[in-house]
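With the first letter of the sequence shown counted as 1, position 60 gets the number 61 in the numbering used here; the numbers rise by one all the way through. Note that the Cβ used here is the ideal one computed from N, Cα and C, for glycine as well. See structure below.
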Amino acid sequence: MVVAFKFSSNTKLVNEKMSNMVARQMPYATQLALNNTAKNLVARNKRDMKRIFDRPVNFTLNAFYFKAARKHENTVTIRRKDMQKGKHYLEVQEEGGVRPQTGFEKAFAQNLPYAGILRHITPAQGTRLNKHGNMSPGFRMQMLSAMQVARDPQQRSKKFGRTNKGSKQYFIPNTTGKKAGVYQRLASGKVKKVLNFHDSSMRYRPKLRFSERMGMYGRSVYPKNLQAGLRRAMATAKLR
Numbered sequence: 002m003v004v005a006f007k008f009s010s011n012t013k014l015v016n017e018k019m020s021n022m023v024a025r026q027m028p029y030a031t032q033l034a035l036n037n038t039a040k041n042l043v044a045r046n047k048r049d050m051k052r053i054f055d056r057p058v059n060f061t062l063n064a065f066y067f068k069a070a071r072k073h074e075n076t077v078t079i080r081r082k083d084m085q086k087g088k089h090y091l092e093v094q095e096e097g098g099v100r101p102q103t104g105f106e107k108a109f110a111q112n113l114p115y116a117g118i119l120r121h122i123t124p125a126q127g128t129r130l131n132k133h134g135n136m137s138p139g140f141r142m143q144m145l146s147a148m149q150v151a152r153d154p155q156q157r158s159k160k161f162g163r164t165n166k167g168s169k170q171y172f173i174p175n176t177t178g179k180k181a182g183v184y185q186r187l188a189s190g191k192v193k194k195v196l197n198f199h200d201s202s203m204r205y206r207p208k209l210r211f212s213e214r215m216g217m218y219g220r221s222v223y224p225k226n227l228q229a230g231l232r233r234a235m236a237t238a239k240l241r
């Protein structure tokens, strides 16, 4: 007597059910993959900018964000935060070209009784800089007030070229070229240059390469995130 056990599998039916399950869960898997990829790219860009720029400020490091993709959406967009006014400086770093004037530079160019051409202002050797290597907001405000170029009259000092302390005096010599700028006469009688004036526009080469880098990183990380998203989606699926 032969005892046998025969097990048959309806492969076609199982495959159909699995295919249907995958199809149902694919939008969720895609949503997970898109959002995780965007999260990865924002974090990677933040790390990159610490290398690309010299001591970038927090606003620069956190300049990009993404709005999470919803189910059945096939794209996710990483966006740059808007500046309050004017063109964003990261656009010049991305595309290259002429750097637009800052509000600080416009105030000097429009309101300063200066005979020369003033396109841009950069720190001089005697400029007080913050930890990021930039002019601090307090120093810029002091210059606007001392040189009486602030747009708000309330921010201007009562005496031209003097700070509230009265012991420091700022002046602009009648000169052009490399010597043009704002100088500070100290109480000791010594003079030091605190701001450089430039009569030509500054041009930047493309440096940020945001679109290029994000495209390269995205193509690398998205397939892995899609596989992980599909595993997560299938693990939470209900068999019908």
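Reference residue i, options the options, closest by Cα
i    : options                  : result
K68  : A39, F172 and L130       : A39
D83  : P124, E96, T76 and F65   : F65
S212 : Q94, Y115 and N197       : Q94
R100 : L231, S201 and R233      : S201
M217 : R45, Y29, P28 and A30    : R45
I79  : M215, Q170 and Y223      : M215
K179 : L119, F60, S189 and R210 : L119
Test item: CB-CB of residue i and residue j under 8 Å
i    : j    : result
M148 : L187 : no
V134 : R206 : Note that residue 134 is Gly in the sequence shown here, rather than Val. Their beta carbons are not under 8 Å apart, which means G134 does not touch R206 by this criterion.
T123 : H73  : no
R204 : G98  : yes
G219 : L42  : yes
K194 : A125 : yes
H121 : Q143 : no
Three-state secondary structure assigned by DSSP to residue i
i    : result
V43  : helix
L35  : helix
Y223 : helix
N135 : coil
Q185 : strand
P124 : strand
L113 : coil
F67  : strand
N59  : helix
I118 : coil
N75  : coil
K194 : strand
For residue j and residue i, believed in contact at Cβ under 8 Å, the rounded distance
i    : j    : result
A238 : M22  : 5 Å
N75  : N226 : Not confirmed; about 14 Å, so no contact.
A234 : L33  : 7 Å
Cβ-based neighbour list, residue i, same chain, cut-off 8 Å, excluding 5 preceding and 5 following
i    : result
L62  : K47, M50 and K51
R141 : F105
L196 : I122, T123, P124, A125, T128, M144, G182 and V183
Y115 : F109, I173 and F198
S77  : Note that residue 77 is Val in the sequence shown, not Ser. So the list reads L35, N36, T38, A39, F67, K68, A69 and A70, once near-sequence residues are dropped.
M27  : L231 and A234
E96  : P207
Cut-off 6 Å between Cβ atoms - residues of its own chain near residue i, not counting five sequence neighbours on either side
i    : result
T177 : G117
V150 : A108, F109, N112 and L113
S137 : N131
S20  : none
T31  : none
Sequence-distant residues of its chain with Cβ nearer than 7 Å to residue i (five each side left out)
i    : result
R81  : A64, F65, H89 and L91
Y223 : A34 and T38
R157 : Confidence at R157 is low in this model, with a pLDDT of 48, below 50, so its placement is unreliable and the value that follows should be read with caution. Once the five neighbours on either side are set aside, the close Cβ partners of R157 are S146, Q149 and A151.
Y29  : K72 and A234
I53  : K208 and L209
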